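Per this note's numbering, numbering of the sequence shown is gapless, rising by one per residue and ending at 935. All C-beta atoms in this analysis are idealised placements derived from N, C-alpha and C, irrespective of residue type, glycine included. These figures come from a predicted structure and were not determined experimentally. Encoded as structure tokens, the structure appears first; notes follow it.
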Amino acid sequence: MRKEFCNRIEQLDRKDDSIIFLTGDVGFNALEGLQKVLGDRFINMGVAEQNMISVAAGMALEGYKVFCYSIAPFVVYRCLEQIRNDVCFHNLPVFIVGNGGGYGYGIMGPSHHALEDLACLSGLPNMTAYIPAFDADVSYAIETIIKKSAPAYLRLGLSNYNPVSVPSSFFYPAVTSPEAKITVASLGPIGNNVLKALENPAIKTKADVFSITQLPLKELPPTFIESLKKTKKLLVAEEHVSVGGLGQSIAAAILKANISLNSFISLTAQGYPDGLYGNQSYHQQKSGLDAESIGKLLESL
């Protein structure tokens, strides 16, 4: 997704010279093309993320639209006060870009993982979090972020599938089937694992899969409500802790809509149950978020 992000920003820059790009001394062998296009509007702020956010707020007050890029935990947890006080309270066009959301940085351990970032940011005033599931979602999110020109967090991960060419919403059906026996709601890139799980012929046509790529959660789309009323079963999957994530948000929305379910299961990041660190696939497996585990659960349901 990072490559897709850079390509899209390069295209934007040719039309909008108000865009500034700040990086917290990361992006080697990835951002060089963007640096070339932006010239002196590409600034390496060094390992000083809190300062980067405050500088971005000052630039935004002068009419610029500022992207702040770093590894997700570095640009969120270290900077939470600056994001809240300098950016969100003033409703400024500062766009936080966190690469490697969830367990993305794998073996580097919990200091490099972002499992609570959405809970931290999506409740702040004027802030919207965007969590692309597929490459096509990245461009759509950036277009929305620029147009809205308000505080935003873009959480980038890995994508292997691309079931839609041009998304038109942040809550859309990735897979639908008249034979569906269960509804699946996936947040961001975990949707790739859900789609891989459905390659199993035994369950290929047995699920409606909806991709959610924005928090806070807006209203439930009619197609999702119709699926829930048909299947009466919901599986939610997200690479984020249960508190403040999609599962809690969607449960509240379902209660508000007075929808009755026979089964509600929420798969979330379980942290480090065995005290060990591995790559992203390892941690997803330990949390039951890998394709094989999701497939077995769907089959049992």
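On the three-state DSSP scale, how would you describe residue i?
i	result
residue 640	helix
residue 732	strand
residue 806	strand
residue 902	coil
residue 773	helix
residue 764	strand
residue 671	helix
residue 787	strand
residue 646	helix
residue 793	coil
residue 811	coil
residue 753	helix
residue 921	coil
residue 820	strand
residue 931	helix
Buried or exposed, going by whether 16 or more other CB atoms sit within 10 Å of the CB of residue i?
i	result
residue 682	exposed
residue 907	exposed
residue 867	buried
residue 877	exposed
residue 872	buried
residue 891	exposed
residue 662	exposed
residue 771	buried
residue 856	exposed
residue 934	exposed
residue 672	buried
residue 775	buried
residue 894	exposed
residue 889	exposed
residue 836	exposed
residue 624	Any answer about residue 624 is impossible in this case: the structure gives the chain only from 635 up to 935.
What number of angstroms, rounded off, separates the C-alpha of residue i from the C-alpha of residue j?
i	j	result
residue 826	residue 870	14 Å
residue 829	residue 925	8 Å
residue 748	residue 734	8 Å
residue 649	residue 858	37 Å
residue 762	residue 930	34 Å
residue 727	residue 652	11 Å
residue 690	residue 705	17 Å
residue 665	residue 640	7 Å
residue 862	residue 842	9 Å
residue 696	residue 922	47 Å
residue 810	residue 715	42 Å
residue 658	residue 675	14 Å
residue 707	residue 732	7 Å
residue 847	residue 920	23 Å
residue 635	residue 698	24 Å
residue 874	residue 709	17 Å
residue 660	residue 642	19 Å
residue 928	residue 756	26 Å
residue 824	residue 750	16 Å
residue 668	residue 644	6 Å
residue 789	residue 833	27 Å
residue 766	residue 932	23 Å
residue 801	residue 677	31 Å
residue 717	residue 654	17 Å
Could you tell me whether the Cβ atoms of residue i and residue j are closer together than 8 Å?
i	j	result
residue 780	residue 656	no
residue 805	residue 838	no
residue 887	residue 854	yes
residue 754	residue 729	no
residue 784	residue 719	no
residue 768	residue 745	no
residue 844	residue 812	no
residue 773	residue 638	yes
residue 879	residue 758	no
residue 914	residue 737	yes
residue 814	residue 782	no
residue 881	residue 897	no
residue 883	residue 849	yes
residue 791	residue 743	no
residue 685	residue 693	no
residue 912	residue 741	yes
residue 760	residue 722	yes
residue 787	residue 764	yes
residue 817	residue 865	yes
I'd like to know whether the C-beta of residue i is nearer than 8 Å to at least one C-beta of chain B.
i	result
residue 790	Considering every chain present, this structure includes no chain B. It has just one protein chain.
Hey, would you say the C-beta of residue i is under 7 Å away from at least one heavy atom of the ligand GDP?
i	result
residue 904	Among the ligands in the structure shown, none appear at all, so the ligand GDP cannot be discussed.
Just to confirm the assignment: which complete alpha helix (DSSP H) runs, minimum length 4, are found wholly within the region 675–745? 683–695 and 706–710
Within the region 829–900, note down every full alpha helix (DSSP H) run reaching 4 residues or more, in order along the chain. Within the region 829–900, the runs of alpha helix (DSSP H) at least 4 residues long that lie entirely inside it are, in chain order, 856–865 and 880–890.
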